[in-house]
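Those protein sequence lines, which keep their order, are chains A, B, C and D.
First residue of the first sequence: 0, per numbering that gives the first Met the number 0; consecutive thereafter.
First residue of the second sequence: 0, per numbering that gives the first Met the number 0; consecutive thereafter.
First residue of the third sequence: 0, per numbering that gives the first Met the number 0; consecutive thereafter.
First residue of the fourth sequence: 0, per numbering that gives the first Met the number 0; consecutive thereafter.
4 protein chains.
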Amino acid sequence: MGLAGTEFYPPAERRLRLGIVGGGRGALVGQWHWSGARLSNRWDLVAGALSSDPETARSSGRDWMLAEDRIYDDWREMARAEAARPDGIEAVAICTPNWSHRMIAEAFMDVGIDIICDKPMTLSREDCLALEQRQRETGVVFAVTHPYPYHPMARQAQEMIRAGAIGTVRQAQVEYAQDWATGPDDPNSKSLAWRRDPARIGRASATGDIGSHAFQMLEFVTGQTVTHLRADFHVCGAPKAMEDTAFLNLRLANGAPAAMWITQAAPGNYCALRFRIYGDKGGLQWDQEFPETLRYTPLNAPEQIIVRGHGAGVVPAAERMVLLPRGHGESLSDAWGSLYREIAIAVAARRKGEAVPEGLLNLPDIHTGSRGVRFINSAADSHEAGGSWVPLS
Amino acid sequence: MGLAGTEFYPPAERRLRLGIVGGGRGALVGQWHWSGARLSNRWDLVAGALSSDPETARSSGRDWMLAEDRIYDDWREMARAEAARPDGIEAVAICTPNWSHRMIAEAFMDVGIDIICDKPMTLSREDCLALEQRQRETGVVFAVTHPYPYHPMARQAQEMIRAGAIGTVRQAQVEYAQDWATGPDDPNSKSLAWRRDPARIGRASATGDIGSHAFQMLEFVTGQTVTHLRADFHVCGAPKAMEDTAFLNLRLANGAPAAMWITQAAPGNYCALRFRIYGDKGGLQWDQEFPETLRYTPLNAPEQIIVRGHGAGVVPAAERMVLLPRGHGESLSDAWGSLYREIAIAVAARRKGEAVPEGLLNLPDIHTGSRGVRFINSAADSHEAGGSWVPLS
Amino acid sequence: MGLAGTEFYPPAERRLRLGIVGGGRGALVGQWHWSGARLSNRWDLVAGALSSDPETARSSGRDWMLAEDRIYDDWREMARAEAARPDGIEAVAICTPNWSHRMIAEAFMDVGIDIICDKPMTLSREDCLALEQRQRETGVVFAVTHPYPYHPMARQAQEMIRAGAIGTVRQAQVEYAQDWATGPDDPNSKSLAWRRDPARIGRASATGDIGSHAFQMLEFVTGQTVTHLRADFHVCGAPKAMEDTAFLNLRLANGAPAAMWITQAAPGNYCALRFRIYGDKGGLQWDQEFPETLRYTPLNAPEQIIVRGHGAGVVPAAERMVLLPRGHGESLSDAWGSLYREIAIAVAARRKGEAVPEGLLNLPDIHTGSRGVRFINSAADSHEAGGSWVPLS
Amino acid sequence: MGLAGTEFYPPAERRLRLGIVGGGRGALVGQWHWSGARLSNRWDLVAGALSSDPETARSSGRDWMLAEDRIYDDWREMARAEAARPDGIEAVAICTPNWSHRMIAEAFMDVGIDIICDKPMTLSREDCLALEQRQRETGVVFAVTHPYPYHPMARQAQEMIRAGAIGTVRQAQVEYAQDWATGPDDPNSKSLAWRRDPARIGRASATGDIGSHAFQMLEFVTGQTVTHLRADFHVCGAPKAMEDTAFLNLRLANGAPAAMWITQAAPGNYCALRFRIYGDKGGLQWDQEFPETLRYTPLNAPEQIIVRGHGAGVVPAAERMVLLPRGHGESLSDAWGSLYREIAIAVAARRKGEAVPEGLLNLPDIHTGSRGVRFINSAADSHEAGGSWVPLS
């Protein structure tokens with residue numbers, strides 16, 4: 000082996016040029032994008048409009064060692080200037096507050112730059128439709144950053160369910176629990192300010208921020224769409240303007256029930272995206288805080304622990320994301336690396352007018368993004384209707 | 000130390016005489032009662048009507064080495080005969096199918112014999128009221144067999160919450176998951192036959208059988224009563240006449256939300272009674288499959304693992320139930336032993352006309368039993384009303 | 000199912016009569032014997048010389064509700080009197096300090112009473128030979144109380160190795176770690192006083208006390224005898240007259256190396272008897288603090304977790320010891336119950352002049368006890384020789 | 000936060016230029032260096048002599064997108080050419096088989112290029128002395144790649160011991176267990192060919208390969224040097240020319256005993272570098288396969304689980320290496336990133352003639368490398384002397 004994945008992935012001929020909007024100093028998510036891009040070895044970060052505050056934009060650009068003339072104060076200017084350069088960016092990562100995703104994505108799509116957009120993709124269903132329309136018109140690659148399915152053992156779960164390892168999916172428990180919102184918000188946090196403002200984050204806070212990941216994982220792993228849901232929003236941590244906790248019930252397309260728990264106010268949970276999926280022949284259980292192992296419980300047989308690595312029960316779809324030998328732990332940085340690798344393959348293919356190799360690519364795309372926006376808005380619909388069942392629409 | 004608990008519990012002057020109705024060959028629960036009584040060293044099992052089938056009653060009585068003249072075919076005869084003997088039983092354990100609890104309990108109460116009754120105590124709310132009335136009239140001890148709070152670390156959780164270790168309870172996740180009903184029922188099982196028949200088990204199957212334990216644990220540990228709930232019943236395992244799975248939402252008296260998951264069709268869950276309780280200052284987490292440890296997660300401080308044993312953070316109310324040194328594992332047999340020890344103290348006190356020593360006794364009693372029956376019937380009410388919120392009444 | 004194990008074990012016709020020497024107030028081990036005997040439902044404890052201190056003997060006898068005339072001050076008197084009674088004890092449990100085991104066992108063997116002896120069986124190899132000689136002459140049952148192999152999952156490991164699940168045993172790591180001797184000894188503890196006195200405990204303290212269990216488990220599980228060892232004794236806790244820690248290397252009969260760690264001064268270890276056995280086809284790992292699960296790691300295949308219960312990979316030899324359904328935890332009390340059940344079967348068979356049913360009985364016997372004494376003395380030989388290799392003799 | 004660690008580490012003014020010798024296709028270790036360098040964002044990999052086979056060197060260089068004129072067939076040529084370029088490399092990572100480290104390091108030191116050398120640093124003690132001499136003469140930075148101490152929770156353990164959290168270190172158990180050598184070696188593996196040849200790997204195989212990490216971790220965490228050891232080498236997996244397993248005993252400078260187990264033939268162990276350190280006031284336990292948590296067991300107090308992240312008991316020396324919030328897992332890639340970040344700080348400081356900021360740097364250096372070589376050779380001395388105690392010299 001040389002670079003991980005060279006057995007499975009088409010080799011890169013060169014690194015692609017990446018720009019970023021948002022994600023500067025004070026914003027955690029920028030670092031994810033940056034380290035994923037770096038680890039994939041398929042991108043060079045060359046331009047950025049890293050903050051709406053010019054001074055932060057500049058200091059953040061220097062943190063990342065961008066050339067001075069490619070540190071922008073304004074993303075509109077960045078779209079224009081980069082599109083004009085012969086060595087302009089080929090894709091842009093959009094890491095800004097939710098409300099601004101649509102307009103930024105449109106600006107870059109319009110100049111033919113591929114999109115890597117944070118979730119939730121937009122605030123409203125209408126914004127989704129508009130973006131989907133524009134993507135069809137421009138034909139750009141449009142990825143939405145759900146990194147968790149890039150943990151090899153999450154992929155393993157998806158493939159095992161697809162192959163019938165647990166029989167028919169009959170019920171599911173999914174949760175994403177954190178604890179950072181248990182105490183009072185830091186009044187100086189810009190990042191929290193917009194997260195408590197419906198005009199900027201949308202109709203839900205925790206449910207959009209992390210619930211969208213739990214929802215995407217549920218549909219991803221089970222291979223079932225959610226058709227109906229009901230939701231109750233709560234504030235379980237210190238008083239705040241929007242929910243920090245949601246209890247949901249969901250119905251899958253095949254009729255199976257599921258429960259979902261979303262909270263940012265449960266002390267001792269850090270980044271606890273967990274699923275437990277049960278069929279008539281077995282169960283599968285995974286926890287993002289311990290991402291290297293998948294617990295498989297076939298009915299009437301010994302439990303199995305499947306450990307990320309080559310062989311020993313790991314299926315090819317998961318194995319192709321395995322970078323390091325079993326036990327040399329991989330984690331969220333590596334998952335972001337795998338996500339950015341697959342995005343690079345898609346972007347490179349489009350630029351050469353080629354198709355992405357079959358079976359190699361399963362990107363969370365604009366459709367995935369749209370499902371997430373619909374989930375959040377349907378949850379808000381249900382909550383506002385007293386927690387009654389609503390279709391996911 | 001000599002016998003465990005001699006430091007805390009009043010010594011026994013003699014072993015009490017115990018009878019049992021039901022619980023013979025083919026019924027698991029009888030063994031719990033028997034081993035709890037034996038382990039407590041405060042009871043001799045001397046009489047039984049162990050089955051409605053005379054032959055099984057007799058062979059079961061011989062299994063347990065009862066004297067021939069105290070193996071009864073009929074519990075009515077047993078109540079009469081034992082009441083008449085100078086060495087008659089002082090308490091009776093009722094281990095029969097749910098529908099028969101009321102009439103059996105009444106028969107023994109009427110002859111002054113103390114009651115140890117399986118849960119759910121009765122089918123209907125009306126039966127509860129009748130039993131409560133009769134208990135008040137007769138003044139007997141009436142215990143309901145919830146053994147799980149007799150795991151020392153469950154008691155520890157209760158005491159820590161009472162003392163403010165997690166602040167105000169703000170939300171809870173409780174579940175009791177098993178997997179034995181995933182596949183088809185054994186058509187020859189008498190134990191399953193009545194569990195699928197509303198006339199004998201009541202309006203719910205899994206929800207009554209194990210949900211009542213989860214409910215009792217939730218109220219026990221949080222110190223909060225449940226005021227409202229909603230429930231959806233499902234069949235997630237092989238087809239059967241009653242639910243094997245329920246998804247519930249609950250509201251505690253202080254307004255905190257809780258979710259409850261009850262299933263007997265989730266492969267890889269065996270006897271998984273688990274709670275996670277979160278307050279504004281910390282969380283507590285426990286799993287009956289690993290009963291020796293309690294995970295305590297104070298906000299902004301290292302996690303703690305509190306291990307059953309003497310000292311090292313174990314509070315007196317839990318420590319008094321500790322039989323074996325830390326690491327010399329205790330388990331469900333020991334919990335039944337502790338339950339039977341406390342019942343013996345109550346029965347002995349009543350027979351001597353004395354009060355039970357303050358602070359030593361916290362028995363699940365007829366009120367606990369009644370709460371459980373109301374929980375089951377309210378869940379059935381909600382389910383039948385399409386999963387809408389109902390008061391727990 | 001009625002009583003656990005009725006499918007596998009021959010039924011008891013009556014309970015046997017048990018006496019006990021030592022084990023009264025202040026001695027933990029008495030409680031193990033008592034609860035094991037009670038849980039097995041095959042014994043009544045009817046007589047005891049529970050302490051060398053007459054007052055403690057009497058109060059302890061009352062704790063256990065012995066008849067006044069069967070509470071003895073002196074074990075010699077007890078042997079004489081019980082042998083003379085028509086309802087005299089049929090077996091005696093010897094729970095006294097190590098140095099006294101031989102003389103007490105001889106006195107009871109000489110009057111035809113079966114022996115249940117704590118480990119280490121004697122101080123010296125010579126004492127072993129003498130006891131073995133007397134046992135052959137008297138033909139009594141002679142059990143040595145190693146309860147840990149009566150955890151079903153330890154038995155499962157033995158059977159899996161025997162059946163080739165890990166191939167040829169190639170190396171092993173065994174340890175028994177506790178922490179109670181980290182701080183200074185309680186100067187008022189009688190139990191500690193003799194444990195620090197070579198005249199009463201023998202040539203080793205921790206190595207004899209818990210090391211003998213680790214050694215027995217190693218030979219039991221691997222099916223290999225230890226042929227050579229080397230040992231270094233250390234005091235790692237507070238200063239004391241004898242070792243609280245030993246580091247050993249061992250060689251198995253097939254040439255495989257093993258390491259053993261024995262300590263009572265490692266904070267955070269409570270009763271941590273653990274083994275990890277590796278062959279050329281897989282590994283097995285077990286921890287007494289979590290006795291319900293056995294980790295099986297076949298080479299180049301997913302890890303398996305085998306959970307105590309019926310079916311799902313549990314072999315018959317382990318299944319026959321399963322009392323409670325999977326997940327309804329069993330623990331050390333239950334293991335003692337299973338040990339006492341098998342002893343009862345052996346004692347009952349001898350008294351009826353019958354053979355113990357083939358395959359049902361695998362008692363730790365006088366030979367097991369002798370191996371343990373040889374282990375301790377060989378370890379002391381090695382330590383005194385500067386940690387050089389010595390044969391286990 | 001912008002880039003992780005900007006609060007603690009001096010900012011980089013530019014990325015440094017890195018070359019690499021060895022580590023091309025077929026060699027895992029190259030990937031570690033590369034991803035560590037990329038993740039740190041302080042290095043650009045610009046030149047390499049990636050294999051002794053010219054074709055592999057070229058294809059590997061293209062994998063990593065090196066400029067054609069900086070893909071070298073020969074490291075001597077690379078040292079000469081890079082030293083001559085104005086934009087030549089500032090440091091070189093040496094990832095070749097052990098026997099060649101010395102000559103390569105000398106060649107680059109002699110032209111003033113800083114060294115990042117794999118462990119074991121050299122085969123013999125004499126080679127160490129020679130390298131140490133040359134390093135003193137040239138004054139270059141000389142780092143040895145021990146990444147495991149860059150797991151924040153390993154650092155946490157070091158700091159807690161230093162601060163007295165467990166009192167005086169009294170004993171230790173350290174192990175590094177893998178299973179890849181259980182079955183027969185792949186006869187086509189170049190990587191295995193040299194690992195079975197003493198002329199190229201030195202006097203020990205597994206003991207040098209992974210034992211050197213366990214040894215370094217033991218001295219790192221305890222703050223104690225090892226003064227004496229004894230070692231037995233074994234082949235526990237398929238037959239091979241050198242040991243795949245070693246059992247060692249060690250003595251720390253303060254007299255405390257330690258045991259070490261090194262194996263590459265224990266199925267179910269993948270990259271299991273684990274330590275358990277016990278003092279008179281508590282214990283600390285860590286496992287590289289679950290690197291995010293440190294178990295702390297203060298004597299007579301609840302166990303603590305310290306989880307990587309900000310606050311909640313994490314000390315500053317560990318916190319400065321924390322890149323991601325608690326629960327957003329970090330792993331071995333991130334540890335290599337932190338190692339490469341600190342190397343960059345040292346290299347940048349030397350090039351500016353500045354001192355490395357106090358307290359920020361604790362690099363495994365040429366002295367660390369030398370300790371490792373001495374450990375391996377002393378272990379071989381002991382093994383060849385029949386496992387007797389030898390000084391670590």
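Virtual Cβ for every residue (Gly too), placed ideally from N, Cα, C.
Computed from a prediction, not measured in an experiment: that's the story for all the values here.
| Asked | Found |
| --- | --- |
| Cβ neighbour criterion (16 or more within 10 Å) applied to B:Asn40 | buried |
| C-alpha gap between D:Ala343 and D:Ala354, whole angstroms | 13 Å |
| C-beta contact flag for D:Asp178 and A:Ser332 at 9 Å | no |
| Residue burial classification, B:Arg79 (beta-carbon count within 10 angstroms, cutoff 16) | exposed |
| Contacts of A:Gly182 in chain D (Cβ-Cβ under 7 Å) | Chain D residues near A:Gly182: none, gap ~12 Å exceeds 7 Å. |
| Endpoints, beta strand (DSSP E) assigned at A:Leu272 | Ala271 to Gly278 |
| C:His233 - containing beta strand (DSSP E), residue span | Val225 to His233 |
| Buried/exposed call for D:Ala3, threshold 16 Cβ in 10 Å | Low confidence applies to D:Ala3: its pLDDT is 48, below 50, so where it sits in the model is not reliable, and the reading given next is rough at best. So D:Ala3 counts as buried. |
| Buried/exposed call for B:Ser369, threshold 16 Cβ in 10 Å | buried |
| A:Glu67 (DSSP reduced to helix, strand or coil) | helix |
| Extent of the continuous beta strand (DSSP E) to which B:Trp260 belongs | Pro256 to Thr262 |
| Within 9 Å, strictly: CB atoms of B:Arg294 and B:Gln287 | no |
| At least three beta-carbon pairs within less than 8 Å, the stretch 345–353 of chain B to the stretch 309–324 of chain C | no |
| Residue burial classification, C:Arg135 (beta-carbon count within 10 angstroms, cutoff 16) | exposed |
| Short CB-CB distance (under 9 Å) between B:Ala343 and chain C | no |
| For C:Phe246, the residue or residues it bridges with in DSSP | C:Asp231 and C:Trp260 |
| Assigned exposure category for D:Tyr128 - 16 Cβ within 10 Å defines buried | Correcting the residue identity first, residue 128 of chain D is Leu in this sequence and not Tyr. That one is exposed. |
| For B:Leu251: DSSP bridge partner residues | B:Val225 |
| Extent of the continuous alpha helix (DSSP H) run through B:Val28 | Leu27 to Ser39 |
| B:Ala264 at chain A interface by Cβ criterion, 9 Å | yes |
| Rounded distance between the beta-carbons of D:Gly278 and D:Thr167, thought under 8 Å | 5 Å |
| Of the listed residues A:Leu323, A:Val20 and A:Arg340, nearest to D:Gln30 (C-alpha basis) | A:Leu323 |
| Bridge partner(s) assigned by DSSP for B:Pro315 | Looking at the DSSP assignment, B:Pro315 forms no beta bridge with any residue, so it has no partner. |
| Residue of D:Asp109, D:Leu65, D:Ile165 and D:Tyr175 minimising C-alpha distance to A:Gly326 | D:Tyr175 |
| Residues near C:Arg101 by beta carbon distance below 7 Å, same chain, minus five either side | Thr121, Asp126, Ala129 and Leu130 |
| Pairwise C-alpha distance: D:Gln155 and D:Val389 | 32 Å |
| A:Pro197: contacting residues in chain C (beta-carbon distance under 7 Å) | Those within 7 Å of A:Pro197 in chain C number zero; the least Cβ separation is about 45 Å. |
| Neighbourhood of D:Leu272 by C-beta distance below 7 Å, restricted to the same chain and skipping five residues each side | Tyr147, Tyr175, His212, Ala213, Met216 and Gln287 |
| Neighbourhood of A:Asn268 by C-beta distance below 6 Å, restricted to the same chain and skipping five residues each side | Ala176, Gln177 and Asp178 |
| Environment of D:Thr224 [buried if 16+ CB atoms lie within 10 Å] | exposed |
| Cα-Cα separation, C:Ala245 to B:Cys270 | 39 Å |
| Nearest-angstrom beta carbon gap, B:Ala106 and B:Arg69 [assumed within contact, 8 Å] | Incorrect: roughly 17 Å between the Cβ atoms, too far for contact. |
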